[in-house]
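What follows is a set of notes on a single structure, which appears directly below.
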Amino acid sequence: TRVANELGAGRPQAARMAVRIVLLLVIIEATVVSMTIIFIRGVWGYAFSNDKEVAEHVADIMPLLALTDFADAIGCVLS
-16 TRVANELGAG RPQAARMAVR IVLLLVIIEA TVVSMTIIFI RGVWGYAFSN
34 DKEVAEHVAD IMPLLALTDF ADAIGCVLS
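For the sequence shown, counting from 1, position 47 maps to 30 in the numbering used here; every step adds exactly one.
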């Protein structure tokens, strides 16, 4: 909305600055979330099952989830 408002007001530089700021913020947020996902991957599976095999499979897939979350965060901002 901010970008559209700035463009409508004839201020393309302000719109560009808004996009840059929100991209910076989303990269920081996505990095924190992705790193948290990676750091807790060994225990996350045990929140849902006591089975060691299930927990190991969950731990194996968590890096993919972290990558997907990072890409989704950036995609949400740019869409």
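In this text, a Cβ means the ideal position worked out from N, Cα and C, and glycines have one as well.
Environment of residue i [buried if 16+ CB atoms lie within 10 Å]
i: residue 18; result: exposed
i: residue 58; result: exposed
Candidates the options, of which the one nearest residue i by Cα
i: residue 24; options: 39, 57, 32, 33; result: 39
i: residue 48; options: 35, 27, 33; result: 27
i: residue 53; options: 14, 6, 35; result: 14
Run of the alpha helix (DSSP H) containing residue i, from where it starts to where it stops
i: residue -12; result: -15 to -9
i: residue 17; result: -5 to 22
i: residue 58; result: 35 to 61
Span separating the alpha-carbon of residue i from that of residue j
i: residue 11; j: residue 62; result: 18 Å
i: residue 74; j: residue 21; result: For residue 74 there is no data in the structure shown, the boundaries of the chain being -16 and 62.
i: residue 55; j: residue -2; result: 22 Å
i: residue 60; j: residue 4; result: 11 Å
Margin query: Does the contact criterion of 3 or more C-beta pairs under 8 Å hold for the stretch 36 to 51 versus the stretch -15 to -3?
Written below: Contact fails: fewer than three Cβ-Cβ distances are below 8 Å.
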